[in-house]
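Visitor: Chains as they are written, first to last, in the working numbering: chain Y, 28 to 471; chain A, 28 to 471. Built from N, CA and C at the ideal position, the CB exists for glycine as well. In this text, all values refer to a predicted model and were calculated from it rather than measured experimentally.
Protein chains: 2
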Amino acid sequence: MDVGFLRKTFGDRFVEDSSIAALYVHDASFVEGESNVFGVVFPETEGEVVELVRWAIKHKVPLFPQGSATSLSGNAAATARGLVVSFERMTKVEIDPGDGVAVVGPGVRIEELNVELARYGFFFPVDPGSMRSATIGGAIANGAGGMRGAKYGTVKDWVLGLRVVTGRGDVLKVGCKTFKCRNGYDLVRLFVGSEGTLGLITEAVLKLAPVPESAVAVLAYYDDVEPLVEDVVRVRASRIWPLFAEFLDAPTAAVVGLEERDTLFLGVDVNTGAEERVLKRLQSIVRGRVASVAVGWSEAMKLLEPRRRLYSAQVHLAQRGGGVLVIEDVAVPISKLPDAVRGLKKLAEKYGVPLLLGGHVGDGNLHPATWFRKEEGPGKAEKFIREMAELVVGLGGTVSAEHGVGTLKKDLIALELGDAVLTYMRELKKVFDPYNILNPGKIA
Amino acid sequence: MDVGFLRKTFGDRFVEDSSIAALYVHDASFVEGESNVFGVVFPETEGEVVELVRWAIKHKVPLFPQGSATSLSGNAAATARGLVVSFERMTKVEIDPGDGVAVVGPGVRIEELNVELARYGFFFPVDPGSMRSATIGGAIANGAGGMRGAKYGTVKDWVLGLRVVTGRGDVLKVGCKTFKCRNGYDLVRLFVGSEGTLGLITEAVLKLAPVPESAVAVLAYYDDVEPLVEDVVRVRASRIWPLFAEFLDAPTAAVVGLEERDTLFLGVDVNTGAEERVLKRLQSIVRGRVASVAVGWSEAMKLLEPRRRLYSAQVHLAQRGGGVLVIEDVAVPISKLPDAVRGLKKLAEKYGVPLLLGGHVGDGNLHPATWFRKEEGPGKAEKFIREMAELVVGLGGTVSAEHGVGTLKKDLIALELGDAVLTYMRELKKVFDPYNILNPGKIA
Numbered sequence: 028m029d030v031g032f033l034r035k036t037f038g039d040r041f042v043e044d045s046s047i048a049a050l051y052v053h054d055a056s057f058v059e060g061e062s063n064v065f066g067v068v069f070p071e072t073e074g075e076v077v078e079l080v081r082w083a084i085k086h087k088v089p090l091f092p093q094g095s096a097t098s099l100s101g102n103a104a105a106t107a108r109g110l111v112v113s114f115e116r117m118t119k120v121e122i123d124p125g126d127g128v129a130v131v132g133p134g135v136r137i138e139e140l141n142v143e144l145a146r147y148g149f150f151f152p153v154d155p156g157s158m159r160s161a162t163i164g165g166a167i168a169n170g171a172g173g174m175r176g177a178k179y180g181t182v183k184d185w186v187l188g189l190r191v192v193t194g195r196g197d198v199l200k201v202g203c204k205t206f207k208c209r210n211g212y213d214l215v216r217l218f219v220g221s222e223g224t225l226g227l228i229t230e231a232v233l234k235l236a237p238v239p240e241s242a243v244a245v246l247a248y249y250d251d252v253e254p255l256v257e258d259v260v261r262v263r264a265s266r267i268w269p270l271f272a273e274f275l276d277a278p279t280a281a282v283v284g285l286e287e288r289d290t291l292f293l294g295v296d297v298n299t300g301a302e303e304r305v306l307k308r309l310q311s312i313v314r315g316r317v318a319s320v321a322v323g324w325s326e327a328m329k330l331l332e333p334r335r336r337l338y339s340a341q342v343h344l345a346q347r348g349g350g351v352l353v354i355e356d357v358a359v360p361i362s363k364l365p366d367a368v369r370g371l372k373k374l375a376e377k378y379g380v381p382l383l384l385g386g387h388v389g390d391g392n393l394h395p396a397t398w399f400r401k402e403e404g405p406g407k408a409e410k411f412i413r414e415m416a417e418l419v420v421g422l423g424g425t426v427s428a429e430h431g432v433g434t435l436k437k438d439l440i441a442l443e444l445g446d447a448v449l450t451y452m453r454e455l456k457k458v459f460d461p462y463n464i465l466n467p468g469k470i471a
Numbered sequence: 028m029d030v031g032f033l034r035k036t037f038g039d040r041f042v043e044d045s046s047i048a049a050l051y052v053h054d055a056s057f058v059e060g061e062s063n064v065f066g067v068v069f070p071e072t073e074g075e076v077v078e079l080v081r082w083a084i085k086h087k088v089p090l091f092p093q094g095s096a097t098s099l100s101g102n103a104a105a106t107a108r109g110l111v112v113s114f115e116r117m118t119k120v121e122i123d124p125g126d127g128v129a130v131v132g133p134g135v136r137i138e139e140l141n142v143e144l145a146r147y148g149f150f151f152p153v154d155p156g157s158m159r160s161a162t163i164g165g166a167i168a169n170g171a172g173g174m175r176g177a178k179y180g181t182v183k184d185w186v187l188g189l190r191v192v193t194g195r196g197d198v199l200k201v202g203c204k205t206f207k208c209r210n211g212y213d214l215v216r217l218f219v220g221s222e223g224t225l226g227l228i229t230e231a232v233l234k235l236a237p238v239p240e241s242a243v244a245v246l247a248y249y250d251d252v253e254p255l256v257e258d259v260v261r262v263r264a265s266r267i268w269p270l271f272a273e274f275l276d277a278p279t280a281a282v283v284g285l286e287e288r289d290t291l292f293l294g295v296d297v298n299t300g301a302e303e304r305v306l307k308r309l310q311s312i313v314r315g316r317v318a319s320v321a322v323g324w325s326e327a328m329k330l331l332e333p334r335r336r337l338y339s340a341q342v343h344l345a346q347r348g349g350g351v352l353v354i355e356d357v358a359v360p361i362s363k364l365p366d367a368v369r370g371l372k373k374l375a376e377k378y379g380v381p382l383l384l385g386g387h388v389g390d391g392n393l394h395p396a397t398w399f400r401k402e403e404g405p406g407k408a409e410k411f412i413r414e415m416a417e418l419v420v421g422l423g424g425t426v427s428a429e430h431g432v433g434t435l436k437k438d439l440i441a442l443e444l445g446d447a448v449l450t451y452m453r454e455l456k457k458v459f460d461p462y463n464i465l466n467p468g469k470i471a
């Protein structure tokens with residue numbers, strides 16, 4: 028295969044050293060990448076990306092696009108002999124506070140963008156657990172959500188326009204720079220969440236939100252998950268739209284340093300001056316024992332910190348047990364959350380697997396975590412996950428709320444979608460990537 | 028052609044009488060439909076829709092889906108000899124306040140749904156000008172926006188799942204019943220705004236929003252549009268996210284019964300108890316002359332009423348002048364609105380066409396309206412619109428912010444999108460409707 032082109036075009040931004048390339052072939056999931064890739068390239072311009080795709084078409088080389096590889100479903104793993112394309116050098120940031128938009132390169136980290144935006148009183152509200160390292164390009168490609176999703180939804184709600192290089196080597200400018208447009212089919216949202224299988228994102232126009240004036244939050248402990256979920260429903264029914272409504276079950280709360288009790292983190296954005304009244308309303312609705320309260324935007328964000336520690340706590344716990352961590356990502360209609368929690372605990376017992384439970388109650392989204400010892404293999408965990416998928420689909424839910432499909436969920440989404448939908452998805456893939464060079468083997 | 032199937036399947040829900048069918052061939056735009064259609068059918072079940080599509084494939088009969096036909100770009104006009112498919116009989120409404128979702132048939136009117144939802148403290152926040160007659164199915168197919176779009180976006184942000192019959196006769200269940208899912212490509216949003224060209228919507232799962240506790244609003248008059256737009260930008264920069272920020276230019280304000288001045292309608296949802304403080308903040312930011320204020324959710328909505336009268340006022344005015352009304356739908360980045368307004372006024376002078384200007388400042392969306400006498404024909408208006416499109420695209424804007432493409436914008440979106448994007452759109456159409464029987468001649 029002709030790597031001359033790569034050497035010439037990318038110079039020292041083409042890394043051939045297999046020991047370095049090996050660092051880029053996997054993501055945060057337990058999917059093991061293909062160790063024998065051709066290397067990693069770091070494009071800096073859209074033109075380079077176009078040339079790269081044309082070269083890949085010619086030589087039938089799979090391209091594996093990557094932001095900071097924090098995906099949990101194998102979305103960003105290089106799973107075949109090909110080339111990793113890291114977007115970490117494409118980090119343009121242009122903020123237009125008057126228009127309320129930012130034009131950014133795919134390699135910009137969410138956290139870095141928010142540091143810049145804070146100067147103008149704006150923020151990009153989607154906050155996946157990995158937001159300190161996750162890139163905008165990766166978040167878009169994965170359709171990421173986060174803890175403030177109860178109010179702010181997911182990435183799809185905050186992308187106005189994209190520049191994308193398809194698997195045919197075409198540059199498409201889709202969407203717009205205005206807050207809305209209806210100029211034909213919504214290709215923006217077709218690329219959002221497509222996990223790099225339809226096109227490589229080279230630029231994004233993001234919609235920004237004003238940082239709310241203020242917020243209040245409570246952390247409350249419960250003896251059972253049922254009243255916890257009911258309380259979130261009652262808050263929404265009281266014409267209060269939560270900013271976040273996060274949950275940890277008792278064992279998981281203990282892991283992040285809280286009491287060993289089912290724990291609710293409930294936040295609401297409010298007007299300055301309305302803090303006391305809304306806090307009182309929350310306290311009158313919440314029947315759990317309120318262990319701490321927060322007043323003010325930064326304080327409310329701080330109250331969430333134990334919840335944000337969940338991922339690293341899970342990693343440490345799994346490692347201590349010599350285990351490989353598996354973080355799942357299911358959602359059910361909010362009212363079905365108690366059934367889902369009870370069902371998951373029964374399944375964990377049945378298969379004898381460890382289980383930590385936390386998630387976004389406001390979205391009905393749970394992240395069950397389990398782990399297995401490498402020498403035992405994932406057998407038991409896989410059986411647990413399969414039955415978990417059947418459980419949540421039976422409850423009217425989804426097997427992939429915000430982490431995407433990658434390689435790990437390919438079998439599971441079939442349970443939920445049916446063959447016809449998958450057939451159409453495969454045909455869409457062929458329109459944008461007829462040579463199957465863009466992140467092959469993922470999604471459909 | 029075999030209409031026996033239609034008679035047998037739909038009985039008196041197949042209307043063959045050409046004088047009645049003629050009422051269904053056009054929408055609210057000036058596009059004249061094909062008077063010689065085969066008739067109108069009113070399906071009641073998804074099964075009937077599937078049979079209908081299979082029959083249409085066999086006989087190569089175009090199907091023209093329709094809600095209440097309030098489209099302004101010819102989206103819902105029957106523009107060839109075919110069959111109109113009216114969804115007005117599919118009016119199921121199932122509300123689940125605990126889960127915060129509603130499952131509805133495509134024929135449900137937005138206003139009717141909101142009357143039901145009010146009992147639970149929820150609402151479907153997208154409010155196109157036509158919301159009293161517009162159906163959910165039509166709003167989804169057109170990707171509708173509305174006056175509360177400054178805060179709540181457009182229909183795409185409020186549809187969780189869909190059941191759709193494609194042009195191949197397949198039933199696809201896409202999306203989910205939960206607040207988020209990432210189960211493969213986002214087919215939900217591919218159907219949203221596809222104007223019935225990819226599939227016929229038979230059911231939708233909608234996300235509901237809690238009705239805000241309270242709101243405040245001001246109506247302010249300006250001598251010029253520039254400070255008006257600047258004030259909206261300054262509000263957003265003050266960490267206030269407007270619920271609505273609507274605009275009428277001086278002649279248009281007079282038409283709806285206000286002073287003949289550039290007029291801003293600015294509303295903000297607030298916590299109960301915070302009304303006075305936020306109102307004071309708005310009054311300190313707004314430099315126009317505040318003519319009225321509103322406190323409370325219903326009162327804020329009432330303050331918008333003159334703005335909501337715009338469409339019928341335009342219709343009457345055009346009719347009085349013996350004219351045919353044309354309502355356009357452009358958007359530019361917010362900061363470019365003054366340039367757009369000035370440019371449009373110059374163009375109206377240049378071509379000697381009447382011009383009324385109003386729109387959604389919060390979204391950068393203007394709805395320039397003009398009219399022409401039937402006997403003169405649309406020549407001058409079309410030239411004006413063409414140059415208007417060049418103007419807004421030059422300002423980084425879009426020729427279709429929320430009304431869609433239909434037949435009237437097909438040439439104009441090419442200015443904005445480029446050939447490559449249109450090529451991909453045509454290929455997508457072929458995946459879902461290879462026989463070109465679904466609303467042919469629209470979009471791409």
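1) Closest Cβ-Cβ distance between Y/L393 and chain A: below 8 Å?
2) Using 8 Å as the limit for Cβ to Cβ distance, is A/P360 near chain Y?
3) Between the Cα of Y/K87 and the Cα atoms of Y/I470, Y/A471, Y/K469 and Y/P461, which residue gives the shortest distance?
4) Just to confirm, is the Cβ distance from A/L217 to Y/D126 under 8 Å?
5) Looking only at its chain, what residues have a beta carbon closer than 6 Å to the beta carbon of Y/M158, apart from the 5 residues adjacent to it on each side?
6) With DSSP as the reference, label A/A161 as helix, strand or coil.
7) Which partner residues of Y/A244 appear in the DSSP bridge assignment?
8) Give the residues of chain A in contact with Y/G406, contact being defined as C-beta atoms less than 9 Å apart.
9) Identify, in the order they occur along the chain, each residue of the same chain with its Cβ nearer than 8 Å to the Cβ of A/E73, setting aside the five sequence neighbours on each side.
10) At least one CB of chain Y closer than 8 Å to the CB of A/G94: is that the case?
11) Measure the C-alpha to C-alpha separation of A/R304 and Y/A301 and round it to an integer number of angstroms.
12) Quick one, which residues of the segment 324-347 of chain A are near chain Y if we go by CB-CB under 8 Å, in chain order?
13) How far does the alpha helix (DSSP H) with A/F271 in it extend, from its first residue to its last?
14) What is the DSSP secondary structure of A/L444, reduced to helix, strand or coil?
15) Between which two residues does the beta strand (DSSP E) harbouring Y/S45 extend?
16) Report the residue from Y/E402, Y/L418, Y/P405 and Y/L306 whose alpha carbon sits nearest the alpha carbon of Y/K373.
17) Answer yes or no: do A/A318 and A/L246 have a C-beta to C-beta separation smaller than 8 Å?
18) Quick check on DSSP: helix, strand or coil for Y/R175?
19) Just to confirm, is the Cβ distance from Y/G132 to Y/T118 under 8 Å?
20) Got a sec: which bits of the segment 59-88 of chain A sit with their beta carbon under 9 Å from any beta carbon on chain Y, in order along the chain?
21) Just checking my contact of Y/V357 with Y/A428 at CB under 8 Å: how many whole Å lie between their CB atoms?
22) Which same chain residues, not among the five before or five after Y/E59, have their C-beta less than 7 Å away from its C-beta?
23) From the beta carbon of A/Y179, is the nearest beta carbon of chain Y less than 8 Å away?
24) What whole-angstrom Cβ distance do A/V256 and A/V128 have, given they're in contact under 8 Å?
25) Do the CB positions of Y/A48 and Y/V67 come within less than 8 Å of each other?
26) Helix, strand or coil for A/L384, going by three-state DSSP, please let me know.
27) Return no unless some Cβ of chain A is closer than 8 Å to the Cβ of Y/A264.
28) Could you tell me which uninterrupted alpha helix (DSSP H) segments, each at least 4 residues in length, are contained entirely in the segment 173-244 of chain Y, listed from first to last along the chain?
29) Please report the straight-line C-alpha distance between Y/L476 and Y/V219, rounded to a whole angstrom.
30) Considering Cα atoms alone, identify which of Y/N210, Y/K85 and Y/N298 is closest to A/S241.
31) If we require 3 or more residues per run, which beta strand (DSSP E) segments fall completely within the segment 69-157 of chain Y?
32) Quick one: what does DSSP say Y/Y249 is sitting in, helix, strand or coil?
33) Does the beta carbon of Y/Y212 sit closer than 8 Å to a beta carbon anywhere in chain A?
34) According to DSSP, is Y/R400 helix, strand or coil?
35) Just to confirm the assignment, what range does the beta strand (DSSP E) spanning Y/G350 have?
36) Grab me the residues of Y/A375's own chain with a C-beta within less than 6 Å of its C-beta, minus the 5 sequence neighbours each way, in chain order.
Guide: Working from what's here:
1) Cβ-Cβ to chain A under 8 Å: no for Y/L393.
2) By this cut-off, A/P360 is an interface position.
3) Of the residues Y/I470, Y/A471, Y/K469 and Y/P461, the one whose Cα lies closest to the Cα of Y/K87 is Y/P461.
4) Cβ atoms of A/L217 and Y/D126: not closer than 8 Å.
5) Contacts found: I137 and E138.
6) The answer is coil: DSSP assigns A/A161 none of H, G, I, E or B.
7) Looking at the DSSP assignment, Y/A244 forms a beta bridge with Y/G294 and Y/A321.
8) Those do not exist, as Y/G406 stays about 25 Å from chain A at its closest Cβ, beyond 9 Å.
9) Excluding five sequence positions before and after A/E73, the CB atoms of its chain that fall closer than 8 Å to its own CB belong to R190, V192, V198, T229 and E230, given in chain order.
10) Not one chain Y Cβ lies under 8 Å of A/G94.
11) Answer to the nearest angstrom: the Cα atoms are 10 Å apart.
12) Under the 8 Å Cβ criterion, the segment 324-347 of chain A contributes no residue.
13) Premise fails: A/F271 lies in the beta strand (DSSP E), F271 to L275, not in any alpha helix (DSSP H).
14) It is helical.
15) For Y/S45, no beta strand (DSSP E) encloses it; the enclosing alpha helix (DSSP H) starts and ends at S45 to A48.
16) Of the candidates Y/E402, Y/L418, Y/P405 and Y/L306, the one whose C-alpha sits nearest the C-alpha of Y/K373 is Y/L418.
17) Going by beta carbons, A/A318 and A/L246 fall inside the 8 Å limit.
18) In the structure shown, Y/R175 sits in coil (DSSP, three-state: anything other than H, G, I, E or B).
19) Y/T118 is positioned such that its CB atom lies closer than 8 Å to that of Y/G132.
20) Residues of the segment 59-88 of chain A whose Cβ lies closer than 9 Å to any Cβ of chain Y: none.
21) 6 Å between Cβ atoms; contact.
22) Around Y/E59: H53.
23) Cβ-Cβ to chain Y under 8 Å: no for A/Y179.
24) Cβ-Cβ separation between A/V256 and A/V128: approximately 37 Å, too far for a contact (criterion under 8 Å).
25) Y/V67 is positioned such that its CB atom lies closer than 8 Å to that of Y/A48.
26) DSSP, read as helix, strand or coil, puts A/L384 in coil.
27) At least one chain A Cβ lies under 8 Å of Y/A264.
28) Whole alpha helix (DSSP H) segments, 4+ residues: 176-179 and 214-218.
29) Here chain Y comprises residues numbered 28 to 471, so residue 476 of chain Y is not present and cannot be evaluated.
30) When Y/N210, Y/K85 and Y/N298 are compared, the shortest CA-CA separation from A/S241 is found for Y/N298.
31) The qualifying runs are 90-93, 110-113, 120-123 and 128-131.
32) Looking at Y/Y249 - three-state DSSP - the assignment turns out to be strand.
33) With 8 Å as the cut-off, Y/Y212 counts as an interface residue toward chain A.
34) For Y/R400, the secondary structure class from DSSP, reduced to helix, strand or coil, is strand.
35) Start and end: G350 to I354.
36) Result list for Y/A375: L382, in chain order.
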